[in-house]
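Residue numbers (this note's numbering), protein chains in the order written: chain A, 1 to 285; chain B, 286 to 633. Working notes, beginning with the structure itself.
Next up, the structure:
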């Protein structure tokens, strides 16, 4: 695997220079970055949705970001990044053409191969759309590998919805049955559902076949609670509810200790966990 | 395991020989405390000690070291030089600690910085006598069978020298003038007596150490954690002195002339604030209690689940240095008391 080519003698901390080839504001504080490695031998295809990369800016430091593009689309790698700290502050000051350094991918992502033939319910809220966008585009590109696929996405308001144009286009393409919702429509022009993301469930529940459905969810902590309630009502097994979690990480390879939850290192055994794990591993969420 | 005998009188010659192999470090007394320091003169070495402030981890995962150097036009890795380092006078507990660090840093994913230092480190162990803070008999780390290159057991007027690796053997072969393989009944008898004498000197014991993982599990919601959390100063001393604590932070530092800088690894501690804080200031462990619980649960319970043995080697450093008496002994005693009357614990 590797996003980064691993040549003879090259070690696991080796970060490769990559160029920002495009960027665009997704919301007021969240920006889309499209990045391409300078080394043409690096192929951006050998990773799983849900995995993450560690980006560094010399003099600023390193930070962990979910990969937002799918491994089915090569030649670039995409991120959706919210400005929340000193690293992202510096990153947002860069321009198209500037260089960042990337290493990875790390973590155990969503095993899409093992989901072949299954139904998927993909539920995202807020920033949770970033890692799940990788899943969604993967599914669109390999739609024949899956049976029914539903996508439910929530945001606070139309201006807070990440990838809004992309998701609207996705709903129109209808390769994946997509339902979008905003908690509150402050524009008066929102053409879709209004209400928290769980209010989208009635649109799909009649068609959910619990034995063959895997749910993939990512969003703010409060969302998990209510979405999981809905999924359990649909009799989806706890080990078929997959979620991706966040922890502080410094190394990405189980050495620095920061992401430890009990005896697990989120960077190695996560960030994807099941609801069964969450119930049985203390402190997971 | 090959064993030699060496007269104490020849020891200075041995030191001279070892010094030709690389930079020599050993226990040195200063300000009433011991630490592993560079040995310039033979007289500086002082093997009559219980514990150094910091274990030999400082040779393998130093408290602070650069991993990357960057300038405006690019960046390059920083590795230590290839010159071997020799550390003498390492006690069995600290050798076990190195074995524990090895399985973390040299497991499936090898840490390149650790690996390089480890390959260049020659470890020469030394026998010891315990004080009241040593609990290595509880942790089963009072003797060593591997993890060293040579190991010296000090008896009357001579040493028994155990060879633990090829590197150790090649030093022994080079030192054949000062070593002898002739070890008779007398020496063996003295060694057995020495062992018995040492065993009888241990004063402290961790209660039910064998079952500590279960005891911690039963105590997950215990008020004991809060009691210790209230006392904890979040100073991080426990992690600094613990020979198996290896958590690190990564920070970039810019040169004064702003032309470049370094990326550094800095020893971190899960008892320090912000250890689990993510961007956006969400802190998964904002209080001292939850951080202290992580420290002891990870070291004493989760290590067992992952590797079969705990991350404590009974060196007694936390017992000696925690300013508010939170240590492997006091924590495990309190946890044991909490559950010792529970029916689940009686089954242990």
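All C-beta atoms in this analysis are idealised placements derived from N, C-alpha and C, irrespective of residue type, glycine included. Owing to the predicted nature of the structure, the values given are computational and were not obtained by experimental measurement.
Is residue i close to chain B? Criterion is C-beta to C-beta, closer than 8 angstroms.
i: residue 8 (chain A); result: Caution applies to residue 8 (chain A), whose pLDDT of 48 falls short of 50 and renders its modelled position unreliable; the value that the coordinates give is listed next. False, the Cβ-Cβ gap to chain B never drops below 8 angstroms.
i: residue 48 (chain A); result: no
i: residue 12 (chain A); result: yes
i: residue 62 (chain A); result: yes
i: residue 218 (chain A); result: no
i: residue 4 (chain A); result: Bear in mind that the predicted position of residue 4 (chain A) carries a pLDDT of just 45, short of 50, making it too unreliable to give a figure here.
i: residue 126 (chain A); result: no
i: residue 154 (chain A); result: no
i: residue 255 (chain A); result: yes
i: residue 131 (chain A); result: no
i: residue 271 (chain A); result: no
i: residue 260 (chain A); result: yes
Three-state secondary structure (DSSP) at residue i?
i: residue 87 (chain A); result: helix
i: residue 519 (chain B); result: coil
i: residue 538 (chain B); result: strand
i: residue 289 (chain B); result: strand
i: residue 350 (chain B); result: strand
i: residue 112 (chain A); result: helix
i: residue 235 (chain B); result: Residue numbering for chain B in the displayed model covers 286 to 633; residue 235 (chain B) lies beyond these limits and cannot be assessed.
i: residue 318 (chain B); result: strand
i: residue 57 (chain A); result: strand
i: residue 296 (chain B); result: helix
i: residue 255 (chain A); result: coil
i: residue 459 (chain B); result: helix
i: residue 495 (chain B); result: helix
i: residue 573 (chain B); result: helix
i: residue 384 (chain B); result: helix
i: residue 97 (chain A); result: coil
i: residue 281 (chain A); result: coil
i: residue 524 (chain B); result: helix
i: residue 305 (chain B); result: coil
8 angstroms is my cut-off, CB to CB: does residue i come that close to chain A?
i: residue 573 (chain B); result: no
i: residue 421 (chain B); result: no
i: residue 518 (chain B); result: no
i: residue 617 (chain B); result: no
i: residue 639 (chain B); result: With chain B represented from 286 up to 633, any question about residue 639 (chain B) goes unanswered, as that position is not in the structure.
i: residue 414 (chain B); result: no
i: residue 355 (chain B); result: yes
i: residue 513 (chain B); result: no
i: residue 579 (chain B); result: yes
i: residue 296 (chain B); result: no
i: residue 474 (chain B); result: no
i: residue 560 (chain B); result: yes
i: residue 522 (chain B); result: no
i: residue 308 (chain B); result: no
So, residue i versus residue j, is the Cβ gap smaller than 8 angstroms?
i: residue 293 (chain B); j: residue 467 (chain B); result: no
i: residue 54 (chain A); j: residue 106 (chain A); result: yes
i: residue 400 (chain B); j: residue 406 (chain B); result: no
i: residue 84 (chain A); j: residue 20 (chain A); result: no
i: residue 415 (chain B); j: residue 486 (chain B); result: yes
i: residue 68 (chain A); j: residue 133 (chain A); result: yes
i: residue 588 (chain B); j: residue 596 (chain B); result: yes
i: residue 91 (chain A); j: residue 57 (chain A); result: yes
i: residue 241 (chain A); j: residue 215 (chain A); result: yes
i: residue 169 (chain A); j: residue 180 (chain A); result: no
i: residue 611 (chain B); j: residue 516 (chain B); result: yes
i: residue 435 (chain B); j: residue 463 (chain B); result: no
i: residue 448 (chain B); j: residue 306 (chain B); result: no
i: residue 490 (chain B); j: residue 420 (chain B); result: yes
i: residue 302 (chain B); j: residue 439 (chain B); result: no
i: residue 313 (chain B); j: residue 331 (chain B); result: yes
i: residue 22 (chain A); j: residue 96 (chain A); result: yes
i: residue 660 (chain B); j: residue 353 (chain B); result: This structure does not reach residue 660 (chain B), given that chain B is present from 286 up to 633, and the question cannot be answered.
i: residue 122 (chain A); j: residue 213 (chain A); result: no
*Which residues, in order along the stretch 228-253 of chain A, keep a beta-carbon less than 8 angstroms from a beta-carbon of chain B?*
Residues passing the 8 angstroms Cβ filter: 246, 247, 248, 250, 251 and 253.
_Interface residues of the stretch 69-87 of chain A facing chain B [CB-CB below 7 angstroms]_ = 84 and 85
*Residues from the stretch 581-599 of chain B in contact with chain A, defined by Cβ distance under 9 angstroms*: 582, 583, 586, 587, 588, 589, 590 and 591
*Secondary structure, alpha helix (DSSP H): runs of 4+ residues fully inside the stretch 150-234 of chain A*: 164-173 and 221-233
*Which residues, taken in chain order from the stretch 532-545 of chain B, show a beta carbon closer than 9 angstroms to some beta carbon of chain A?*
Here the close residues are 532, 533, 534, 535, 536, 537, 538, 539, 543 and 545.
*In chain order, what residues of the stretch 390-402 of chain B put their CB closer than 9 angstroms to some CB of chain A?*
390, 392, 393, 394, 395, 396, 397, 398, 399 and 400
*Complete runs of the beta strand (DSSP E) confined to the stretch 398-481 of chain B [at least 3 residues]*: 406-411, 435-440 and 443-448
*Taking only beta carbons into account, state which residues of the stretch 498-510 of chain B come closer than 8 angstroms to chain A, listed in chain order.*
Listed by position, the residues of the stretch 498-510 of chain B near chain A (Cβ gap below 8 angstroms) are 505.
*asked:* My parser needs the alpha helix (DSSP H) runs of 4 or more residues fully inside the stretch 586-622 of chain B; what are they?
replied: Whole alpha helix (DSSP H) segments, 4+ residues: 588-592 and 602-606.
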